[in-house]
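Below is one structure; the comments refer to it alone.
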Amino acid sequence: RSNWSAGFLKEGSLNSEILQFKSKFPREVLLCRVGDFYEAIGIDACILVEYAGLNPFGGLRSDSIPRAGCPVMNLRQTLDDLTRNGFSVCIVEEVQGPTQARCRKSRFISGHAHPGSPYVYGLDHDLEFPEPMPVIGLSRSARGYSMILVLETMKTYSLEDGLTEEALVTKLRTHHLFLHTSLRQNSSGTFRWGEYGEGGLLWGECNSRNFEWMEGDLVPELLFKVKELYGLDFRNVTVSSENRPQPLHLGTATQIGAIPTEGIPCLLKVLLPSNCTGLSALYVRDLLLNPPAYEIAITIQATCKLMNEINCSIPDFTCISSAKLVKLLELREANHIEFCRIKNVLDEVMHMELREILKLLMDPTWVATGLKVDFQTLVSECSSKIGGMISLESDQKISSVPAEFFEDMESSWKGRIKMIHVEEEVERAAGALSKAIEEDFVPITLRIKSMTAPLGGPKGEITYSREHEAVWFKGKRFAPTVWAGTPGEDQIKQLKPAADSRGRKVGEEWFTTLKVEQALARYHEAAKARVLELLRGLSAELQIKTNVLVFASMLLVIAKALFAHVSEGRRRKWVFPTLASLSPYWFDVAQGSAVHNTVDMQSLFLLTGPNGGGKSSLLRSICAAALLGICGLMVPAESALIPHVDSIMLHMKSYDSPADGKSSFQVEMSEIRSIITRATSRSLVLVDEICRGTETAKGTCIAGSIVETLDRIGCLGIISTHLHGIFSLPLNTKNKAMGTTYVDGPTWKLVDGICQESLAFETAKKEGIPETIIQRAEELYVQLHCVSVAAREQPPPSAIGASVVYVMFRPDNRIYVGETDDLEGRIRAHRSKEGMQFIYFVVPGKSVACQLETLLINQLPNRGFRLSNVADGKHRNFGSS
Numbered sequence: 001r002s003n004w005s006a007g008f009l010k011e012g013s014l015n016s017e018i019l020q021f022k023s024k025f026p027r028e029v030l031l032c033r034v035g036d037f038y039e040a041i042g043i044d045a046c047i048l049v050e051y052a053g054l055n056p057f058g059g060l061r062s063d064s065i066p067r068a069g070c071p072v073m074n075l076r077q078t079l080d081d082l083t084r085n086g087f088s089v090c091i092v093e094e095v096q097g098p099t100q101a102r103c104r105k106s107r108f109i110s111g112h113a114h115p116g117s118p119y120v121y122g123l124d125h126d127l128e129f130p131e132p133m134p135v136i137g138l139s140r141s142a143r144g145y146s147m148i149l150v151l152e153t154m155k156t157y158s159l160e161d162g163l164t165e166e167a168l169v170t171k172l173r174t175h176h177l178f179l180h181t182s183l184r185q186n187s188s189g190t191f192r193w194g195e196y197g198e199g200g201l202l203w204g205e206c207n208s209r210n211f212e213w214m215e216g217d218l219v220p221e222l223l224f225k226v227k228e229l230y231g232l233d234f235r236n237v238t239v240s241s242e243n244r245p246q247p248l249h250l251g252t253a254t255q256i257g258a259i260p261t262e263g264i265p266c267l268l269k270v271l272l273p274s275n276c277t278g279l280s281a282l283y284v285r286d287l288l289l290n291p292p293a294y295e296i297a298i299t300i301q302a303t304c305k306l307m308n309e310i311n312c313s314i315p316d317f318t319c320i321s322s323a324k325l326v327k328l329l330e331l332r333e334a335n336h337i338e339f340c341r342i343k344n345v346l347d348e349v350m351h352m353e354l355r356e357i358l359k360l361l362m363d364p365t366w367v368a369t370g371l372k373v374d375f376q377t378l379v380s381e382c383s384s385k386i387g388g389m390i391s392l393e394s395d396q397k398i399s400s401v402p403a404e405f406f407e408d409m410e411s412s413w414k415g416r417i418k419m420i421h422v423e424e425e426v427e428r429a430a431g432a433l434s435k436a437i438e439e440d441f442v443p444i445t446l447r448i449k450s451m452t453a454p455l456g457g458p459k460g461e462i463t464y465s466r467e468h469e470a471v472w473f474k475g476k477r478f479a480p481t482v483w484a485g486t487p488g489e490d491q492i493k494q495l496k497p498a499a500d501s502r503g504r505k506v507g508e509e510w511f512t513t514l515k516v517e518q519a520l521a522r523y524h525e526a527a528k529a530r531v532l533e534l535l536r537g538l539s540a541e542l543q544i545k546t547n548v549l550v551f552a553s554m555l556l557v558i559a560k561a562l563f564a565h566v567s568e569g570r571r572r573k574w575v576f577p578t579l580a581s582l583s584p585y586w587f588d589v590a591q592g593s594a595v596h597n598t599v600d601m602q603s604l605f606l607l608t609g610p611n612g613g614g615k616s617s618l619l620r621s622i623c624a625a626a627l628l629g630i631c632g633l634m635v636p637a638e639s640a641l642i643p644h645v646d647s648i649m650l651h652m653k654s655y656d657s658p659a660d661g662k663s664s665f666q667v668e669m670s671e672i673r674s675i676i677t678r679a680t681s682r683s684l685v686l687v688d689e690i691c692r693g694t695e696t697a698k699g700t701c702i703a704g705s706i707v708e709t710l711d712r713i714g715c716l717g718i719i720s721t722h723l724h725g726i727f728s729l730p731l732n733t734k735n736k737a738m739g740t741t742y743v744d745g746p747t748w749k750l751v752d753g754i755c756q757e758s759l760a761f762e763t764a765k766k767e768g769i770p771e772t773i774i775q776r777a778e779e780l781y782v783q784l785h786c787v788s789v790a791a792r793e794q795p796p797p798s799a800i801g802a803s804v805v806y807v808m809f810r811p812d813n814r815i816y817v818g819e820t821d822d823l824e825g826r827i828r829a830h831r832s833k834e835g836m837q838f839i840y841f842v843v844p845g846k847s848v849a850c851q852l853e854t855l856l857i858n859q860l861p862n863r864g865f866r867l868s869n870v871a872d873g874k875h876r877n878f879g880s881s
């Protein structure tokens with residue numbers, strides 16, 4: 001408090017000025033240029049120390065206002081540290097130029113840095129732009145979840161509705177997050193979001209982020225809040241979702257590697273060559289996560305086929321981030337590097353040999369940008385306008401002024417800005433500087449050279465000071481002891497100590513004159529400010545054509561991505577989309593490393609097979625092939641006929657979610673619920689090892705009911721399972737199994753039928769489980785599989801309350817087959833006659849026991865056994881009593 005009262009906010013002070021700037025953007029960290037540093041005070045200084053690793057100014061005194069900062073040269077690193085941690089930064093710059101010592105500097109807000117949107121003021125080098133981070137608003141209605149996505153850099157927004165919870169979580173990669181109050185009302189009718197049923201997955205994603213609640217109409221309310229944040233207006237780039245498949249669920253995206261997931265082969269790494277990264281890879285990733293409408297997919301496939309057939313050379317395809325392009329042109333900070341790239345973009349769009357391909361890419365580019373553009377005339381105009389000012393060849397001039405000085409001063413633009421625009425001004429300024437040096441410095445150097453003196457005599461030369469970007473006279477002992485009007489004396493009298501940009505004396509040996517100072521300032525203006533003015537003027541002229549430039553740059557990004565995909569697809573011997581000879585997408589068929597499977601899927605079927613038998617691989621392969629097909633891309637098959645499904649849903653193994661308080665079975669049921677509620681007759685549903693997270697009997701029944709529901713919906717799909725009791729249920733589904741083929745070891749091929757062998761012991765042994773454990777497990781399995789009860793013996797307590805199927809051996813060599821939930825009572829009843837022996841095995845539930853009883857009664861006579869209760873085999877649903 002004493003600091004404040006002592007003039008901390010005195011009018012005209014630096015602190016007062018910083019506070020005025022801070023009041024305009026209170027949500028942002030404020031960095032103010034003060035000489036050779038960027039400084040922050042108060043809470044902003046604390047943030048710099050905590051998140052950017054900077055040291056506080058003035059130590060850690062508790063009685064002072066916190067201050068911290070970074071040198072000018074470290075600004076970019078400091079901004080990266082802050083934005084990476086989610087902060088937005090407002091940067092205040094000083095007005096540069098010659099000022100009198102102790103004169104107050106003028107300052108202005110030069111720009112902002114946000115996560116995904118870097119600071120570009122005065123940018124004179126190439127800067128890597130991160131992927132734009134949107135502001136996202138979420139709400140819920142009877143149709144499902146809605147998401148509005150606002151891009152501050154692009155000044156655009158788009159709306160998606162009817163999303164599932166899983167699809168919504170897949171899309172959540174955000175900076176600012178706003179949640180609508182409609183989310184508080186969940187499907188169970190309570191206001192405790194995520195407690196029951198739907199919403200837990202989304203709550204887990206949102207709860208770890210900073211978010212704000214909002215009410216009212218979602219779109220205008222969020223745009224109003226974003227306008228408060230950034231002071232911007234936005235245009236709608238929503239593309240109709242009619243006839244478009246649903247976005248991928250989170251589980252589907254992670255299990256096929258569309259989103260990088262530990263332990264899952266990355267789909268992008270096999271779709272594209274290893275050198276195809278950045279914007280092109282991001283486009284393909286977004287295409288997979290948000291499959292296009294049928295018409296767009298057909299267009300993409302036609303484009304890929306045409307690319308596969310061309311024989312001419314193709315351009316390198318210059319890729320520019322749309323966000324970077326828009327921001328640099330809007331702020332008029334595009335430098336010569338970016339203009340050269342823009343020129344390359346427009347020249348490549350006009351590449352005559354690729355005209356048909358680029359025409360086909362018009363609609364996919366419209367979907368990616370939300371822009372409908374007839375661009376040929378505008379592209380030609382932009383290209384000629386930029387070409388008139390950008391020069392790609394060097395035409396350096398020679399000057400009598402120190403060569404290093406001109407090289408440093410002109411290196412940022414020489415050979416890039418055509419000299420016709422700056423030559424006159426630069427030549428005139430360079431001539432004036434050369435004349436001033438010749439008049440003020442050269443006579444002194446000639447005087448020194450003409451004087452013959454012993455060691456310790458006068459010294460002096462014209463020198464370039466790189467640190468201060470100036471040409472000065474450097475010398476000592478050159479002033480005459482007696483002034484006699486000899487040559488050079490007048491010039492020596494004009495010398496004054498050289499000073500830096502802050503008016504401080506540089507050193508005892510450095511001198512300049514008023515005339516040279518003025519000539520230097522004029523030259524700097526010509527070599528820097530004039531060129532900057534021209535570039536900013538060009539930015540302003542092109543700003544009205546921003547849409548066409550964004551469209552053209554995205555078109556080339558798509559072209560590069562598809563050319564790369566076709567090249568990699570040809571190398572891997574993939575085809576353009578029955579799935580005949582399907583292979584796992586992560587296998588390289590060209591190297592012959594896969595056993596192929598042929599799948600002709602016209603309905604839902606159940607799949608069985610041993611552990612490690614390839615069930616999961618088959619499901620991932622079908623999912624990936626179907627997804628690539630509906631996106632218009634090549635697929636890992638010898639031939640393929642893929643229907644345009646409206647959604648692809650893959651469910652693999654589930655893990656528990658401690659943050660939501662859910663077991664693995666609860667997580668699985670949540671995902672299955674989402675699949676069932678969204679599946680239609682045009683959906684592809686793939687579920688791996690259904691209901692394995694709960695006890696066998698009830699899990700089997702739940703699985704059977706789910707299979708019946710999906711089959712009744714009429715969707716295509718595969719349900720894999722180890723719950724073999726499901727095949728005893730009266731289900732109307734086809735059954736498939738993974739058979740075995742040996743090709744340098746065991747691999748698996750799809751066949752008709754059921755496989756009830758798990759190969760669990762073999763799998764455990766292969767993975768290194770000790771032999772003694774395997775042997776003991778086999779002994780326990782025999783006992784578990786079939787238990788004998790000899791004469792005068794009783795079943796163990798473990799049989800109490802369990803559903804069992806039993807066989808009784810009679811003295812007349814006949815056998816009796818039955819089922820019961822009270823084995824002890826049944827044995828006691830049967831032993832009215834002595835000598836009866838029994839064997840029994842436990843099954844998962846009464847229904848399964850009844851089915852197996854009927855099956856044994858009907859099948860054992862065919863194997864030579866004599867049964868005393870053959871008539872019970874007519875019972876379809878119940879065993880004998």
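Residues in the sequence shown are numbered from 1 upward in steps of one, following the UniProt record's numbering.
The beta carbon of each residue, even a glycine, is placed where N, CA and C say it ideally should be.
Distance CB(residue i)-CB(residue j) smaller than 8 Å
i, j, result
"Leu163", "Pro292", "no"
"Thr463", "Pro364", "no"
"Ala68", "Leu54", "yes"
"Ser683", "Cys715", "yes"
"Val95", "Ser106", "yes"
"Ser182", "Arg140", "yes"
"Leu433", "Ala470", "no"
"Ser553", "Leu282", "no"
"Leu606", "Val707", "yes"
"Ala499", "Lys493", "no"
Bridge partner(s) assigned by DSSP for residue i
i, result
"Met214", "His180"
"Thr164", "In DSSP, Thr164 forms no bridge with anything."
"Ala113", "Val89"
"Met808", "Tyr816 and Phe838"
"Gln145", "The sequence shown places Tyr at residue 145, rather than the Gln named in the question. Paired residues: Arg140 and Leu163."
"Trp203", "DSSP lists no partner for Trp203."
Neighbour-count burial assignment, residue i, 16 or more Cβ in a 10 Å radius
i, result
"Val807", "buried"
"Ser400", "Low local confidence applies: a pLDDT of 44 at Ser400 is under 50, so the model's placement there is unreliable, with the coordinate-based value given in what follows. That one is exposed."
"Arg866", "exposed"
"Phe253", "In the sequence under discussion, the amino acid at residue 253 is Ala, which differs from the Phe named in the question. Burial call: buried."
"Asn290", "buried"
"Ser313", "exposed"
"Leu514", "exposed"
"Thr156", "buried"
"Arg33", "buried"
For residue i, the nearest candidate out of the options (CA to CA)
i, options, result
"Val685", "Leu361, Gly251 and Lys560", "Gly251"
"Gly278", "Ile558, Val169, Glu39 and Lys449", "Ile558"
"Ser639", "Gly629, Val645 and Ser647", "Gly629"
"Gly818", "Lys698, Asp872 and Ala113", "Asp872"
"Gly431", "Glu28, Glu517, Leu75 and Tyr523", "Tyr523"
"Ala113", "Val135, Gly86, Phe478 and Lys474", "Gly86"
"Lys343", "Ala429, Leu267 and Leu556", "Leu556"
"Gly137", "Pro56, Phe224, Ser117 and Thr83", "Phe224"
"Phe473", "Pro443, Gly704 and Trp483", "Pro443"
Between the segment 76-94 and the segment 18-28, do at least 3 Cβ pairs fall closer than 8 Å? Output reads yes: the segment 18-28 touches the segment 76-94.
The segment 553-568 touching the segment 670-678, judged by at least three CB pairs closer than 8 Å: Short answer: they don't touch.
Meets three-Cβ-pair contact criterion under 8 Å: the segment 854-869 and the segment 810-818: Here the segment 854-869 makes contact with the segment 810-818; the two share three or more CB pairs at distances below 8 Å.
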